[in-house]
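Following my numbering, the numbering of the sequence shown begins with 45 at its first residue and continues without gaps. Where is the CB? At the ideal position from N, CA and C, for every residue including glycine. As the structure is a prediction and not an experimental result, all values here were calculated from the model.
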Amino acid sequence: MTTIIETIDEIAEGYDAVLCDLWGCYHNGVTAYPAAMDAMRRFRQRGGTVILLTNAPRPAPSVQRFLDKIGADPASFDAIVSSGEACQRAVASGAHGDRFHYVGPDRDLHMLEDVGLAPHPLEEASAILCTGLRDDTSETPEDYAGEIAAWAGRGLTLLCANPDIIVDRGEERLWCAGALAQAYEGAGGDVLWYGKPHGPVYDRCREVLAELGREIPDARIVAIGDGIATDVAGAARAGLDCVFITGGLAAEEMGADVENPEPMRLSAYLSAHDAAPKFAMGRLR
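Below, the structure is given as structure tokens:
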């Protein structure tokens with residue numbers, strides 16, 4: 045049974061750490077949400093630790109620079125863990141060679157450049173690094189059908205730096221790297237996924253908590269997110285409680301009031317996705 049809550053304060057005493065999703069919960073890709081920042085500040089003021097856990101396809105320092113740009117308050121979190129960081133470590137490891145065919149916007153080329161690598165043509169590649177669509181404002185996964193067939197023909201492993209399928213930037217819904225990776229799997233391709241809902245990123249969060257001097261059992265950690273297939277599913281796999289933010293990706297299914305989900309709609313949505321987060325709220329506040 046999922047309990048609808050009004051604010052994070054209602055459950056704060058039950059937890060010592062929060063793993064908070066960014067896009068759709070903490071910001072909308074354009075500006076940070078004041079209420080969400082305030083909620084995380086209050087949690088920290090009670091002695092809790094906040095890790096921002098994001099499927100952004102770039103390492104934590106780059107995420108930090110973006111957060112600074114959109115007005116995020118550094119007092120509202122303790123650390124950042126990103127799928128891009130985990131993926132970049134895999135790229136740098138040499139386990140997939142050093143000739144990556146890059147798929148994504150130019151702004152994320154530093155995922156290779158930071159570790160001393162350069163993008164290669166497909167015919168020379170040992171693997172594919174995908175951070176997203178090259179132009180997510182105009183392209184869709186269907187535009188890549190020919191390329192996906194060519195990748196599959198080469199039998200290359202694709203490293204997906206962002207498992208998200210879609211994301212909302214302001215009022216605009218955009219496709220993410222996960223959509224291309226999903227299509228590649230459908231074509232028989234081999235995909236390595238980095239980020240939520242996959243276990244290694246939660247292990248990294250536990251490591252970061254330990255680095256911060258916080259040895260916190262899973263029962264005292266709560267994940268917050270709006271992605272039913274990433275945040276909610278990932279928390280369940282990791283054995284963590286979850287607060288499902290219904291006013292993000294699922295807003296259209298929750299009724300006219302995005303601040304407060306309609307119980308019947310929420311129940312139907314969770315049942316359809318075979319999900320049972322412990323808590324739900326419209327917006328993080």
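Integer-rounded CB distance, given that residue j should sit under 8 Å from residue i
i: residue 59; j: residue 268; result: The pair is not a contact, with the Cβ atoms about 10 Å apart (cut-off 8 Å).
i: residue 68; j: residue 292; result: 3 Å
i: residue 97; j: residue 65; result: 6 Å
i: residue 260; j: residue 79; result: Wrong, their Cβ atoms sit about 25 Å apart, outside the cutoff.
i: residue 252; j: residue 123; result: 5 Å
Counted within 10 angstroms of its Cβ, other Cβ atoms place residue i as buried (16 or more) or exposed
i: residue 140; result: buried
i: residue 322; result: buried
i: residue 318; result: exposed
i: residue 129; result: buried
i: residue 326; result: buried
i: residue 150; result: exposed
i: residue 217; result: exposed
i: residue 355; result: Since the first and last residues shown for the chain are 45 and 329, residue 355 lies out of range.
i: residue 192; result: buried
i: residue 118; result: exposed
i: residue 127; result: buried
i: residue 247; result: exposed
i: residue 250; result: buried
Assigned secondary structure, residue i (DSSP; H/G/I helix, E/B strand, else coil)
i: residue 270; result: coil
i: residue 74; result: coil
i: residue 303; result: coil
i: residue 311; result: helix
i: residue 110; result: helix
i: residue 138; result: coil
i: residue 414; result: The first residue shown for the chain is 45 and the last is 329, placing residue 414 beyond what the model contains.
i: residue 81; result: helix
i: residue 48; result: strand
i: residue 121; result: coil
i: residue 339; result: The chain is shown only over 45 to 329; residue 339 falls outside these bounds and no answer can be derived.
i: residue 280; result: helix
i: residue 193; result: helix
When the options are compared against residue i, the one with the closest alpha-carbon
i: residue 101; options: 179, 119, 131; result: 131
i: residue 304; options: 215, 289, 273; result: 289
i: residue 57; options: 260, 90, 193, 174; result: 90
i: residue 178; options: 224, 83, 244; result: 224
i: residue 166; options: 190, 184, 159, 185; result: 190
i: residue 287; options: 186, 329, 221; result: 329
i: residue 200; options: 182, 218, 233; result: 233
i: residue 175; options: 193, 70, 270, 220; result: 220
i: residue 54; options: 83, 272, 180, 244; result: 83
i: residue 73; options: 45, 145, 134, 215; result: 215
i: residue 204; options: 187, 226, 45, 279; result: 226
Residues that DSSP places opposite residue i in a beta bridge
i: residue 169; result: Answer is none; residue 169 lacks a bridge partner.
i: residue 217; result: 212
i: residue 98; result: 126
i: residue 145; result: 172
i: residue 265; result: 61
i: residue 237; result: 204
i: residue 184; result: DSSP, once it has assigned bridges, lists no residue as partnering residue 184.
i: residue 67; result: 71
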